[in-house]
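Residue numbers (this note's numbering), protein chains in the order written: chain A, 9 to 324; chain B, -16 to 245. Take a look at the structure set out below.
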Ligand SMILES: Nc1ncnc2c1ncn2[C@@H]1O[C@H](COP(=O)(O)OP(=O)(O)O)[C@@H](O)[C@H]1O
Ligand SMILES: [Mg+2]
């Protein structure tokens, strides 16, 4: 349904999107995960024909976004980062306007209006001025706007950003309920969001795709304590042996750290089990002094950590 | 066509939801009414004075066409008041769509740039017409009390001139509104540019014959004079329509360039 091929977008010297390629199948929800500034919005703006690409191509429902922009626009519902609302209009007036410019036939407009209001659960709010709505409701009107012409493809740019936890939950459920009938690309910088709503994830960082996988795989790898780092004081040889007897431990490598009898250990464990508790207990029971114990991240996780820590720094 | 109507409809809703619109309408009505009243009293006094003088010094009273003079001066004043109103009418057209990111909705909808720009232009013209409508009452008043009945042609050509002048200034204002995300900046720049046009017009009147001719052709305000005298000159029509076309064309290019700007 969506084919993106070596898409590149330059702003002056900055490569905001760098040779990005991916596909989305019909009916699929694809998560587009990456920290702020990764290039998510830029990619989506190219897909929605708002911006032209510098290089590469993108096709939506078989139509090139550059050559056949009108056909693409007819088939896409787009919720930009900031919902594109006219505060001074009523919800109904606004949705009527969007229906008109999206080409909904006059005889279908009333019905579509009722349907999308029901879908995003704003039935009672048609006569309200948009400026009097809460943030969560504005976001729903934004979604209703994207849905009004019943598009094949939905592109949602950080649809839950700035909402409170309850609203986030509702919007996520709403998006999930839309899959199947629609092909959806959803961007986010929050990992759990992707695992909750998406079937496949593209991780993008600094304009480049760093991973494409299912959220299950990503989450499993994230939780799996595949490698554990430990520092402890006490006899290195004895502790080595003790560690190797613990269930779930595959191998242990150690290296003395110099001062006292402090040694660092790198313990490889089975993916499915979290053995950190067992390790800690046996180290202490054997009378060793436990100084540090933490799981080492896998490379994909490192990507995530990098993403999420950058996010934390930014949001502080 | 359907898209065009949708855009016009939405623009009108947005106009009349804004207090700015009512401010513009009120101020225009008050200021134009004030000037109409002033011009009228001045010319009535003058004609009475002339009648008195004629009686004192004998001889017939010189013909003084009060309604024609009032009309001519009134249209002249209104064409100047418009300079202050147009920036308010056009400032939001594109600047505010960018500020509130609704431009993303408009430009990702199956709507051509032409439909979008023309829709906004026609809506601004619609607002402009609404603003001018109450002034019809002044002319009706003049007509009722004029004897012999005044000629209506200068009124018609005057309004035609106002519409053309308004269209030219509005297309310029819409173009300027594409250059910024701030309504205030758009309004100020538009006002500045219109002032420059006004100054060109004034200096054309003061300059020597050759310069006067050249500047007079460029100055869109100068072309308005003919209309207020009841003359519809085809060259003035061409100048105004070219100006409108230029403004809308620049708007089109400007919108294209947002997308390509890097
Ligand atoms: N209009 C623009 N002009 C110049 N640089 C831009 C523009 N839009 C985005 N950028 C830059 O491109 C990079 C990617 O931005 P964006 O696509 O918005 O990322 P994301 O949506 O993932 O946060 C950022 O470094 C951003 O500063
Ligand atoms: Mg973004």
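Glycine residues also receive a C-beta, built at the ideal position from the N, C-alpha and C atoms.
Just to confirm, is the Cβ distance from residue 87(B) to residue 53(A) under 9 angstroms? In the second chain, the residue the question calls residue 87(B) occupies position 104. In the first chain, the residue the question calls residue 53(A) occupies position 45. For residue 87(B) and residue 53(A), yes; Cβs fall inside 9 angstroms.
Within chain A, the residues that residue -3(B) reaches when beta carbons sit closer than 8 angstroms: Within the second chain, the letter at position 14 stands for residue -3(B). Residues of chain A passing the Cβ test: 94, 96 and 97.
Report whether the distance from the Cβ of residue 88(A) to the nearest heavy atom of ligand 1 is below 8 angstroms. Sequence index remark: in the first chain, residue 88(A) carries index 80 (1-based). Not so, every heavy atom of ligand 1 lies at least 8 angstroms from the Cβ.
Per DSSP, what kind of secondary structure is residue 69(B) in: helix, strand or coil? For the purposes of this step, residue 69(B) is taken as the residue at position 86 of the second chain. In the structure shown, residue 69(B) sits in a helix (DSSP, three-state: H, G or I).
Residue from 15(A), 21(A) and 36(A) whose Cα sits closest to the Cα of residue 27(A): As a position in the first chain, residue 27(A) is number 19, starting the count at 1. Nearest C-alpha to residue 27(A): 15(A).
Are the region 177 to 197 of chain A and the region 39 to 55 of chain A touching, with three or more C-beta to C-beta distances below 8 angstroms? yes
For the region 40 to 73 of chain A, list every residue whose C-beta sits within 7 angstroms of some C-beta in chain B, in sequence order. 56, 57, 58, 59 and 60
Which residue marks the beginning of the alpha helix (DSSP H) containing residue 20(B), and which one marks its end? For the purposes of this step, residue 20(B) is taken as residue 37 along the second chain, with counting starting at 1. Taken as a continuous stretch (DSSP letters only), the alpha helix (DSSP H) holding residue 20(B) covers 2 to 39.
Pairwise C-alpha distance: residue 162(A) and residue 91(A): Indexing the first chain from 1 puts residue 91(A) at position 83. Indexing the first chain from 1 puts residue 162(A) at position 154. Rounded to the nearest angstrom, the two C-alpha atoms are 14 angstroms apart.
Consult DSSP for residue 175(A) and reduce its assignment to one of helix, strand or coil. Here the question's residue 175(A) lines up with position 167 in the first chain. In the structure shown, residue 175(A) sits in a helix (DSSP, three-state: H, G or I).
Just to confirm, is the Cβ distance from residue 175(B) to residue 107(B) under 9 angstroms? Here the question's residue 175(B) lines up with position 192 in the second chain. Here the question's residue 107(B) lines up with position 124 in the second chain. No.
Any 3 or more C-beta pairs closer than 8 angstroms across the region 97 to 116 of chain B and the region 141 to 150 of chain B: yes
Checking the sheet assignment: what are the DSSP bridge partners for residue 264(A)? As a first step, residue 264(A) must be located in the first chain, where it is residue number 256. Answer is 271(A), bridged to residue 264(A).
Would you please verify whether the beta carbon of residue 143(B) is less than 9 angstroms from any beta carbon of chain A? Indexing the second chain from 1 puts residue 143(B) at position 160. Output row for residue 143(B): interface = no.
Residue burial classification, residue 234(B) (beta-carbon count within 10 angstroms, cutoff 16): Start at 1 with the first residue of the second chain, and residue 234(B) comes out as number 251. Label assigned to residue 234(B): buried.
Can you find a CB in chain A that lies within less than 9 angstroms of the CB of residue 56(B)? Residue mapping note: residue 56(B) aligns to position 73 of the second chain, counting from 1. Taking Cβ atoms only, chain A never reaches closer than 9 angstroms to residue 56(B), which makes this a no.
I'd like to know whether the C-beta of residue 119(A) is nearer than 9 angstroms to at least one C-beta of chain B. Position 111 of the first chain holds residue 119(A). No, no contact with chain B.
Inter-residue Cα distance where the pair is residue 301(A) and residue 83(B): On the first chain, position 293 is the one that residue 301(A) refers to. On the second chain, position 100 is the one that residue 83(B) refers to. The straight-line gap from Cα to Cα measures roughly 50 angstroms.
Taking the alpha-carbon of residue 71(A) as reference, which of 124(A), 12(A), 125(A) and 218(A) has the nearest alpha-carbon? If you number the first chain from 1, residue 71(A) lands on position 63. The shortest Cα separation from residue 71(A) among 124(A), 12(A), 125(A) and 218(A) belongs to 12(A).
Specify which residues have a beta carbon nearer than 6 angstroms to any heavy atom of ligand 1, listing them in chain order. 19(A), 22(A), 24(A), 42(A), 44(A), 45(A), 46(A), 47(A), 48(A), 49(A) and 50(A)
Considering only DSSP beta bridges, list what residue 18(A) is partnered with. Translated into positions along the first chain, residue 18(A) becomes position 10. DSSP output for residue 18(A) lists 23(A) as bridge partner(s).
Could you tell me whether the region 207 to 222 of chain A touches the region 268 to 282 of chain A, using the rule of 3 or more Cβ pairs below 8 angstroms? no
Should residue 209(A) go down as buried or exposed, given a rule of 16 or more other Cβ atoms within 10 Å for buried? Numbered from its first residue, the first chain carries residue 209(A) at position 201. So residue 209(A) counts as buried.
C-beta neighbour in chain A for residue 65(B), strict 9 angstroms: Position 82 of the second chain, counted from the first residue, corresponds to residue 65(B). No - not a single Cβ of chain A is within 9 angstroms of the one on residue 65(B).
Counted within 10 angstroms of its Cβ, other Cβ atoms place residue 166(B) as buried (16 or more) or exposed: Indexing the second chain from 1 puts residue 166(B) at position 183. By the 10 Å Cβ count, residue 166(B) comes out buried.
Against chain B, does residue 316(A) count as a neighbour if the rule is that its beta carbon must be under 9 angstroms from one of theirs? Residue numbering aside, residue 316(A) sits at position 308 when the first chain is read from its first letter. Reliability of the predicted coordinates at residue 316(A) is poor, the pLDDT of 49 falling under 50, and no value is obtained from them.
Residue 278(A) versus residue 218(A): straight-line alpha-carbon distance, rounded: What you label residue 278(A) is simply residue 270 of the first chain in a count that begins at 1. What you label residue 218(A) is simply residue 210 of the first chain in a count that begins at 1. Whole-angstrom Cα-Cα distance: 25 angstroms.
CB contact flag (residue 104(A), residue 121(A), <9 angstroms): Here residue 104(A) corresponds to residue number 96 of the first chain, with the count starting at 1. Here residue 121(A) corresponds to residue number 113 of the first chain, with the count starting at 1. Yes. Within cutoff.
According to DSSP, simplified to helix, strand and coil, what is residue 134(B)? Along the second chain, read from residue 1 onward, the residue named residue 134(B) stands at position 151. Reduced to three states, the DSSP call for residue 134(B) is coil.
Where residue 158(B) sits in the DSSP three-state scheme: The count along the second chain starts at 1 and reaches residue 158(B) at position 175. Helix at residue 158(B).
Length of the line joining the Cα atoms of residue 85(A) and residue 12(B): Here residue 85(A) refers to the residue found at position 77 when the first chain is read from its first residue. Here residue 12(B) refers to the residue found at position 29 when the second chain is read from its first residue. Going from the Cα of residue 85(A) to the Cα of residue 12(B) covers about 44 angstroms.
To the nearest angstrom, report how far apart residue 307(A) and residue 274(A) are at their CA atoms. Counting from one through the first chain, the residue named residue 307(A) turns up at place 299. Counting from one through the first chain, the residue named residue 274(A) turns up at place 266. In this prediction, residue 307(A) has a pLDDT of 45, which is less than 50 and means its spatial position is unreliable; nothing more can be read from the coordinates.
Residues in its own chain within less than 6 angstroms of residue 213(A) by CB, not counting five upstream and five downstream? For the purposes of this step, residue 213(A) is taken as residue 205 along the first chain, with counting starting at 1. These residues qualify, in order along the chain: 42 and 46.
Taking only beta-carbon positions, decide if residue 147(A) is within less than 9 angstroms of chain B. Here residue 147(A) refers to the residue found at position 139 of the first chain. Closer than 9 angstroms: no.
Taking the DSSP output, what are the residues bridged to residue 51(B)? Taking the first residue of the second chain as position 1, residue 51(B) is located at position 68. Answer is none; residue 51(B) lacks a bridge partner.
What's the call for residue 132(B), buried or exposed, on a 16-neighbour Cβ count within 10 Å? The residue given as residue 132(B) occupies position 149 in the second chain. Burial call: exposed.
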